[in-house]
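One structure below.
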Amino acid sequence: MQKSANTHEKIAVAAVALAIGAVLAATGCAAPDEQRPDDAQGTFLFREVSGAIEPAVGTWPDGTFAVPEITGGGVALWDYDADGDLDILHVRFPPPGQPNAAAPNRLYKQELDGSFTDVTDSSGLGDPGYGQGVAVGDVDNDGDPDLFVANYGLDALYLNNGDGTFTDATARSGIEGDLWSSSATFCDYDADGLLDLYVAHYLRFDPVAICLDPSGKRDFCGPVRFDGVADTLYRNNGDASFTDVTRPAGLGLRDGGRSAKGLGVICADLTDDGLVDIYVANDGKANFFWINRGDGTFVEQALIRGVAVNHDGSPESSMGISVGDADGDGVLDLFMTHLYGETNTFYRGRGGRMFSDRTAAVGLGMDDLALTGFGCGFFDYDNDGDLDLAVVNGRVYRGPPLPGASLGPFWNEYAEPNLLFENDGTGRFRNVSDRAGRFTSRVELTRGLAFGDLDDDGDLDLALANGNDTLRIYHNNAPAEGAHWLRVRALTGPRDAIAATVRLVTGERSFLGLVLPGASYISSSDPRVHFGLGSIQRIDSIEVRWPDGSRESFAGSEVDRQVVLRQGTGVIR
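Counting from 294, one number per residue, gives the positions in the sequence shown under the numbering used here.
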């Protein structure tokens, strides 16, 4: 959320004002709260069902301008109890002015009827820290997903006992330090069959710092005021403990990490060489693209690969990250969210595993120019066979309250609507926010965004975490007739094969997907890979490149169902 000194000189106020007007018109957020679209009428693409969860959140106090108040928290969609449906972990943080107050995270178990029960106390997952991000992964290979919580302060690791309860294993985990952690992700970078952990750290916040906006009013400080902090890579030791291998892996920075202000991170094979790479979104600094050398070390190549800065050669205020094959060419693309006055950026994957900024060419840029994006994700909301795009927003600097904001005088100055973009089938996007109901008409301060089929009806739903510790749930209400789908769970041993690449082959085309729960911003999505298929009614074969680089081919499948693929049971390619 960097704001450089010359940003106002680069972006004309009139252009931003025009963009704000376009956003209000596109999202329908000009109406007051009581006149917003009624999602229950079934005429909108998403239907709010947040009433199924009752977070214990009262009136949110005015901010004290401590930067951690404006950055968190996240949300996870995961099946913690292995009963076949998705549950919700909501990362929470203390109300403003109470940095030492306990703000336990909340775990909501989904019942058979689709309702949710707060099982935080019985589960042992009520981490009291200053919550920011969350990562889900089976670190001890026992078949149960474990949980890492990234905090402003001491992080936490919880091991799943397999009976609905968790053990706080932080003290013996080897995860140390009280740095400001933001996003985190599990992945097996060294292909030894164990999930390692990458933690992005933000900055060294000084609580006595005071910053003013251009009018002289106090506001949240931008990160330019503070030193950054180097990220941490933890290698799994095989006993649910970890060793900090940041420097041996080549990730240690000579300036102590002051050039790194990480907010988003993904682990995926972005170079298609069978090795898991790491891409980091840095705030106001060039992004990092850590290329896996295959010997336990990495080399940073963001600039030469085309994903360090935008097409103007400028670093941006990078927050959230999404990856997917948006144009159906079999090559992964990247999308990143940024500060207002900067467009969100679409990097198209090219031959040789290079990337180029094609934001304007794919129809993105102007609709988000006036907004500050955080959580984001490629997902096929209408199951028509191409990836659409969702972005959640909220300012980090004060601005004129937008119509429809109802967070109170202080937070209304930071509230913004969310956005939904539809892919036209060629990799170009158009803004369809006016059709998305309260997901886009609510004017709030949203940070975390996770994706998963909560109601198990074959399309992807949304979970949002807001900056006042409220949780929003939206069921997908898009027309389903004639739109088929397939959900793939890829397992290596007893656990989800995080960072595996899955390709569906049909007589008409192929589809590319990733086992990638750790994307978006400070959140974790369902690790099962969801494919929209449009009119396709049969999958000829399924190909998987596992995180260790090996390839297997599996038999095809009928559609509109879930298939489970286990490493070692297919045909080696």
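Beta carbons: idealized from backbone N, C-alpha and C, even for Gly. Bear in mind the structure is a predicted one, so any value in this text is a computation, not a measurement.
By the Cβ-count criterion, Glu593 is buried, with 16 or more other Cβ atoms from all chains shown falling within 10 Å of its own Cβ. Per DSSP, the beta-bridge partners of Asn529 are Phe535. CA-CA distance, Glu706 to Leu757, rounds to 20 Å. Per DSSP, the beta bridge partners of Tyr401 are Ile381 and Asp411. The C-alpha of Thr719 lies about 13 Å from the C-alpha of Asp626. Judged by pairs of C-beta atoms under 8 Å, the segment 474-484 touches the segment 564-583, as three or more such pairs exist. In the DSSP secondary-structure assignment, His604 is not bridged to any residue. Closest in alpha carbon position to Ala708, among Thr733, Ser726 and Phe722, is Thr733. Taking a contact to require three or more Cβ pairs closer than 8 Å, the segment 818-837 and the segment 671-688 qualify as touching. Gly424 places its beta carbon 8 Å or farther from that of Gly509. About 33 Å separates the beta carbon of Ser552 from that of Gly531, a gap too long to meet the 8 Å contact definition. With the rule of 3 Cβ pairs closer than 8 Å, the segment 763-772 does not count as touching the segment 829-846. Rounded to the nearest angstrom, the gap between the Cα atoms of Ser415 and Phe498 is 34 Å.
Per the DSSP secondary-structure output, Ala395 pairs with nothing in a beta bridge. No Cβ-Cβ contact shorter than 8 Å links Ala449 with His494. Phe703: member of the alpha helix (DSSP H) spanning Pro702 to Asn705, first to last residue. In the DSSP assignment, Ala595 falls within the unbroken alpha helix (DSSP H) covering Ala595 to Arg598. Counting C-beta atoms within 10 angstroms of its own C-beta, Phe744 has 16 or more neighbours from the protein chains shown and is therefore classed as buried. With 16 or more other Cβ atoms inside 10 Å of its own Cβ, Leu682 counts as buried.
With a cutoff of 8 Å on beta-carbon distance, Cys669 and Tyr491 are scored as not near each other. Apart from the 5 residues on each side of it in sequence, Val624 sits with its Cβ closer than 6 Å to the Cβ of Gly642 in its chain, given in chain order. Bounds of any beta strand (DSSP E) do not take in Arg802, whose DSSP letter is neither H nor E.
Shortest Cα-Cα distance from Gly557 to any of Pro421, Phe582 and Ala848 involves Phe582. Cβ neighbours of Val342 within its own chain (closer than 6 Å, five residues either side excluded): Ile766 and His768. Within the same chain, Cβ atoms closer than 7 Å to the Cβ of Asn724 are found at Ala319, Asp660, Leu712 and Phe714, the five residues on either side in sequence being excluded. With respect to Ile832, Leu747 sits apart: the two C-beta atoms are not nearer than 8 Å. Counting only the Cα atoms, Arg651 lies some 14 Å from Glu635. When the Cα atoms are used, Val600 and Gly419 turn out to be separated by approximately 38 Å.
Between the alpha carbons of Asn716 and Leu753 lies a distance of about 16 Å. With distances taken between CA atoms, Arg598 lies nearest to Gly645 out of Ser610, Ile468 and Gly645.
Between Gln830 and Glu845, the C-beta gap is not smaller than 8 Å, which leaves the two residues out of contact. In the DSSP assignment, Arg723 falls within the unbroken beta strand (DSSP E) covering Phe722 to Asn724. According to DSSP, residue pairing for Asp512 in a beta bridge involves Cys504. Contact between Cys504 and Ile791 fails: their C-beta atoms lie close to 39 Å from each other, not under 8 Å. Straight through space, the alpha carbons of Gly515 and Pro608 are spaced by roughly 15 Å. If you compare the alpha carbons of Pro438, Thr739, Gly356 and Thr763 with that of Ala345, the shortest gap goes to Thr763.
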